[in-house]
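Participant: In mature numbering (1 follows the signal peptide of the UniProt record, and there is no 0), the protein residues as written are -30 to -1, 1 to 346.
Structural data, given as structure tokens:
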């Protein structure tokens, strides 16, 4: 990847973030789940970056905007033969010998793992899906999650999987262990998600499937697409001294949970790729911590990034400003500059990362175009 992208850190906090989403956001995510796809990404796609014109003063723009990454058909890589059996040691140190991938489940809170399996050319062998896997090619597979993102042991066993690829973002964990006890091969891959770890995650999935050559090709394809998108965003983002000051807030109004994500949370990598100034780094805000009035005022953001489900949980921007009154003292609060994106997309860091970045960039720098697209 380019220098800009390789400088972005891996995120040791993403498993904790995923756990927060899982434990606190289930009812919200279930409530905004599409009845047809099982995903929370329904909506008219944000226009392409090449088709919009950035506003002259994004810092002073008034009002919120929503980013919806465009759907795109799976483009499976078929070069390179599958070779089984394979033996892998997963992220938990468990050695797994895999000799049958005829019935695959690839499950995580973002839907990234299932999409990766499809892109590696083995989509026909996927027998079920999680709630976040809403792309067209998987939409007809039965759900194995319930109440948002809880794994359903009975639903999984009914599908008789021969291989489960997952991470630690879904639970209850006893269900995963139950699958192992039932004789199913289970491979636990990395839960640390960031832009510069996408390639290694693809490699882990490809290794478990016995298609390492395809994994290398897919990782390169994603890397090129992300690099090109980051460069395109840099062309419309402000110069160093004028970069938009951005923060990422994780909010769950019904649970009274309000966090600001800082360095090495994954959000910092996202902001950097969007050409913004990661304010959390400036104020030494590390990981994910409850919002304080002092921290928020010190951050003084021009723009706030949030998950759509979180924004809905506080009943929109007005509710967010009421719940976090210190935000009203910042330029972001004064201008109501809040950009939201689906919970399953915004920090997913997978095959769709280039499209996620592009949609967010349009919502940030061409909010009028993003609003027009949302209006249909």
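In this text, a Cβ means the ideal position worked out from N, Cα and C, and glycines have one as well.
Any contact of the segment 135 to 150 with the segment 81 to 93, i.e. 3+ C-beta pairs under 8 Å?
Facilitator: yes
Participant: Can you say whether residue 147 is buried or exposed, counting buried as having 16 or more other CB atoms within 10 angstroms of its CB?
Facilitator: exposed
Participant: Assign residue 260 to one of three DSSP states: helix, strand, or coil.
Facilitator: Here residue 260 sits in strand by DSSP.
Participant: Just curious, the beta strand (DSSP E) that residue 133 is in, first and last residue?
Facilitator: 133 to 136
Participant: Using a threshold of 8 Å, state whether the C-beta atoms of residue 354 and residue 300 are closer than that.
Facilitator: Residue coverage of the chain in this structure runs from -30 to 346, which leaves residue 354 outside it and unanswerable.
Participant: Can you tell me whether residue 236 is helix, strand or coil according to DSSP?
Facilitator: coil
Participant: Count the C-beta pairs between the segment 171 to 183 and the segment 57 to 76 that are closer than 8 Å, then say yes if the count reaches three, no if not.
Facilitator: yes
Participant: Rounded to the nearest angstrom, what separates residue 101 and residue 190 at their Cα positions?
Facilitator: 28 Å
Participant: In the DSSP assignment, what are the bridge partners of residue 73?
Facilitator: According to DSSP, residue 73 bridges with nothing at all.
Participant: So, are the CB atoms of residue 258 and residue 228 less than 8 Å apart?
Facilitator: Residue 228 is positioned such that its CB atom lies no closer than 8 Å to that of residue 258.
Participant: Give me the DSSP bridge partner(s) of residue 35.
Facilitator: 309
Participant: Check whether the Cβ atoms of residue 16 and residue 38 lie closer than 8 Å to each other.
Facilitator: yes
Participant: Short of 8 Å in beta carbon distance, which residues of its chain neighbour residue 55, apart from the five on each side in sequence? Order them along the chain.
Facilitator: 67, 68, 69, 180
Participant: Name the residue from 175, 200, 21, 199 whose alpha carbon lies nearest to the alpha carbon of residue 188.
Facilitator: Among 175, 200, 21, 199, the Cα nearest to that of residue 188 belongs to 175.
Participant: Do residue 25 and residue 337 have their C-beta atoms within less than 8 Å of each other?
Facilitator: yes
Participant: Can you list, in chain order, the residues of its chain with a C-beta nearer than 6 Å to that of residue 246? Leave out the 5 residues immediately preceding and following it.
Facilitator: 213, 214, 216
Participant: Using 8 Å as the threshold, is the C-beta distance between residue 280 and residue 326 below it?
Facilitator: no
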